[in-house]
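Trainee:
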Amino acid sequence: MPVDDKPIRRGSRAKPGADEEDIMEKDLADDAVWKRIQQNTFTRWANEHLRTVNKFVTDLGTDFTDGLRLIALVEVLAGKKLPPYNKRPKVRAQKLENVNIAIQFLKNEEKIRIVNIVNKFVTDLGTDFTDGLRLIALVEVLAGKKLPPYNKRPKVRAQKLENVNIAIQFLKNEEKIRIVNI
2 MPVDDKPIRR GSRAKPGADE EDIMEKDLAD DAVWKRIQQN TFTRWANEHL
52 RTVNKFVTDL GTDFTDGLRL IALVEVLAGK KLPPYNKRPK VRAQKLENVN
102 IAIQFLKNEE KIRIVNIVNK FVTDLGTDFT DGLRLIALVE VLAGKKLPPY
152 NKRPKVRAQK LENVNIAIQF LKNEEKIRIV NI
C-alpha cells in the first residue's frame, strides 16, 4: 500500500496521486457534457416541430412521460390525427396508454419498425443519453427515418460521441434543424 493507504488504480487513466473519486468525478463531468448536448439537440428538434401546434418541451425527462406531447409530435410529423386518447392523464396507466397509442400508430399506420421501445421506456424516459443510443432511437422513431450506421454497442467515449454526432448531423442535414452552441 502507498503511504497514504489509498490503493493506486492501475490502467490507462491512472495518474500518480489520483484516486478513484477524482477519476469518477472526471468521468461524470464528461458524461454530463454529452447528456446536455444530446438533450439540447433533441429538444430543439422536437420544439421545431411542436411549435406548429403551440406546444413545446423543456425537460425530456418529464415532458413526454404522459404521452400528450409525444402524441402531438407524432401528429405533426405524420400529418394525421391519432385515435382518441386521454387528454388529462392523471395516473400511470393513463399515461402508459397514451404513449402506447403513439407507438401503435407509428407501427400500424405509419409502418415504422419499432424495436425495443415500449411505452414504459418513454414513460420512464429519464435523461440518460450518455451513449447516444436513446437519442438515435428517439430521432429514428419520431422522424420515421433510419439514421446512417452507428455503433450499437459503444464502449469507449469516442464511439459514444460518434453516435451523438450522427444524430446531430442527421437533425442538421436531413431535418434542417439549426443547432448552435453545443
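As numbered in this note's numbering, residues 2 to 183 make up the sequence shown, in order. Just so you know, even glycine gets a beta-carbon here, dropped at the ideal spot from N, CA and C.
Measure how close the beta-carbons of residue 99 and residue 87 come, nearest whole angstrom, since I'm counting them as under 8 Å.
Mentor: In the sequence shown, the residue the question calls residue 99 occupies position 98. In the sequence shown, the residue the question calls residue 87 occupies position 86. Correct: roughly 6 Å between the Cβ atoms.
Trainee: Counting C-beta neighbours from all protein chains within 10 Å, is the total for residue 37 16 or more, i.e. buried, or is it exposed?
Mentor: The residue you call residue 37 lines up with position 36 of the sequence shown. By the 10 Å Cβ count, residue 37 comes out exposed.
Trainee: Which residues mark the beginning and the end of the alpha helix (DSSP H) in which residue 75 is found?
Mentor: Within the sequence shown, residue 75 is the residue found at index 74, counting from 1. Residues 69 to 79.
Trainee: Could you give the DSSP three-state label for residue 52: helix, strand or coil?
Mentor: Reading the sequence shown from its first residue, position 51 is the one you call residue 52. Three-state result, residue 52: helix.
Trainee: Taking only three categories from DSSP, how would you classify residue 57?
Mentor: Translated into the one-based positions of the sequence shown, residue 57 becomes position 56. It is coil, neither helix nor strand.
Trainee: So for residue 158, helix, strand or coil by DSSP?
Mentor: The sequence position of residue 158 within the sequence shown is 157, counting from 1. Residue state, collapsed to three classes: helix.
Trainee: Using 7 Å as the limit for Cβ to Cβ distance, is residue 83 near chain D?
Mentor: The chain inventory of the structure shown lacks chain D, comprising one protein chain alone.
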